[in-house]
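Taking it in order: structure first as structure tokens, then the write-up.
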Amino acid sequence: MFDSSIQMTRFHNAEVTLSTDNRDAMKVRRDANRKRLKEGLAQNKAPQPLGCQTQGSYAMKTMVQDTNNDYDIDDGVYFDANKLYGPKGGELSPLQVRQMVCDALQTSPQFKTPPAVLKNCVRVYYSEGHHIDVPAYRVVTVEDAWTGQPTTHYELASSSWKRSDPREVTHWFAAINQDLSPDSPKNNGGQFRRIVRLLKKFAKSRDSWRASTASGFMLTKLAHESFYACLNRDDIALRQTMKNIHRRLLFNEVVEHPVLLGETLTNDTDGRPGFFRGKLAENLKHLDIFDDSDCSFEQAMNAWNKFFNTTWFLNQPDDGSGNGQTSQPPNKAVRKTGGGRYAGPDRP
């Protein structure tokens, strides 16, 4: 395959991954929102939280740049289940807990659009276009009937109380990134994390796709199932992973939750995985030129421009640093032990 690895790395760094300044700005907004929430709960004489925990793409460091500033941070708030009772002694329902959180956030008059209670969280809107989602959890501690030892689990205030611990997802992602990446996570996040970011960038590359395509969580799980590792060649890793995802979705569009046994990220009528599969099929064709032994630098850059719906690659210089040579992706896995190149098999 034509070697466009240097350009892909530059594209990732310039147009895909969030800058440190962006992440820091989001952290400032998150911390301000936590302070606002705690002060509002105190003002309303509501239970104080045990703590807050960032989750989702911000915690996994897979957020990508967005031209519409459509950024969201998921920042869960945790309450002691024994404190979630009303003034008459009745247990607060999941909806009442979400409303309690929303009421606390609305004590601040600065929002042009007031916070809203959604099915799984309270959403806080910012005028710049981004938002913070605040899911509420109760921490349940029960005593084991046999051992007498206390055990703790977490439940999300959704349409009902649903057992959930998103921190497990963050731990899961860190583990698979370490396991699957042929390079160190210290190297720009690790190859698996970079490929997830690039997949998410493609999925958001057309505004008309956004409401219909697979979610970032779905893409992360699909990448885990279909990842193709190739040391120093993110261009190969991305293309082969996308081919694998396309084939996987041809046979099965159900995406299972990575840590909750029996739970899925899709529902019975979910068209998002199929939509994403169709867009892969349409746009992977642009990359066929990479297999041509006569593929030029200009043709390669134009192919990536079409694929990502951008003009960024058009302006990249052919610096002659080894790009333009063709190479084939390895077809056998080489284990990371021993320090050699590691490329996962092309999955059926």
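Residues 4 to 351, numbered by this note's numbering, are exactly what the sequence shown covers, in order. Backbone N, C-alpha and C define an ideal beta-carbon position, used for all residues, glycine too.
Which residues DSSP lists as bridging residue i, in chain order
i	result
Arg-126	Ala-119, Asp-136
Leu-159	Tyr-140, Lys-165
Glu-146	Pro-153
Gln-56	Gly-79
Ala-259	Inspection of the sequence shows that residue 259 is occupied by Glu rather than by Ala. Note: Glu-259 sits in a beta bridge opposite Thr-267.
For residue i, the nearest candidate out of the options (CA to CA)
i	options	result
Ser-71	Phe-279, Gly-132, Thr-144	It should be pointed out that residue 71 corresponds to Asn in this sequence rather than to Ser. Asn-71 has its Cα closest to that of Gly-132, out of Phe-279, Gly-132, Thr-144.
Phe-205	Asn-16, Lys-38, Leu-283, Asp-295	Leu-283
Asn-123	Cys-55, Thr-12, Ile-248, Lys-165	Lys-165
Val-258	Gly-281, Leu-222, Phe-316	Leu-222
Tyr-61	Lys-30, Ala-49, Phe-14	Lys-30
Asp-273	Ser-299, Asn-286, Thr-216	Thr-216
Leu-378	Trp-212, Gln-194, Arg-213, Leu-264	As shown, the chain starts at 4 and ends at 351. That puts residue 378 outside it, with no answer to give.
Gly-54	Val-145, Asp-147, Pro-138, Thr-173	Pro-138
Asn-47	Arg-33, Val-100, Leu-21, Arg-26	Val-100
Val-67	Asn-36, Ala-17, Glu-256, Glu-94	Ala-17
Lys-115	Met-103, Gln-102, His-134, Val-104	His-134
Val-172	Phe-278, Val-262, Gly-281, Ser-162	Val-262
Val-143	Gly-277, Glu-158, Gln-243, Leu-40	Glu-158
Leu-44	Arg-213, Asn-286, Lys-224, Ser-111	Ser-111
Leu-40	His-15, Arg-209, Arg-126, Phe-254	Arg-126
Phe-176	Glu-301, Gly-192, Ser-167	Gly-192
Inter-residue Cα distance where the pair is residue i and residue j
i	j	result
Gln-10	Pro-169	35 Å
Met-63	Asp-297	40 Å
Thr-267	Pro-320	44 Å
Lys-207	Thr-269	19 Å
Thr-23	Leu-202	21 Å
Asp-75	Ile-292	36 Å
Met-129	Asn-312	In the sequence as displayed, the identity of residue 129 is Tyr instead of Met. About 27 Å.
Ala-306	Leu-290	6 Å
Gly-89	Tyr-81	17 Å
Asp-238	Lys-38	43 Å
Pro-117	Leu-108	9 Å
Arg-26	Asp-271	36 Å
Ala-119	Pro-50	20 Å
Ala-148	Thr-154	11 Å
Asn-85	Val-145	11 Å
Ser-184	Ala-28	28 Å
Asp-295	Ser-163	55 Å
Gly-92	Gln-113	34 Å
C-beta contact flag for residue i and residue j at 8 Å
i	j	result
Thr-65	Gly-219	yes
Ala-226	Ile-198	yes
Ser-8	Asn-235	yes
Arg-280	His-260	no
Trp-315	Phe-14	yes
Whole alpha helix (DSSP H) runs in the segment 274–326 with 4 or more residues, listed along the chain? 275–287, 300–311
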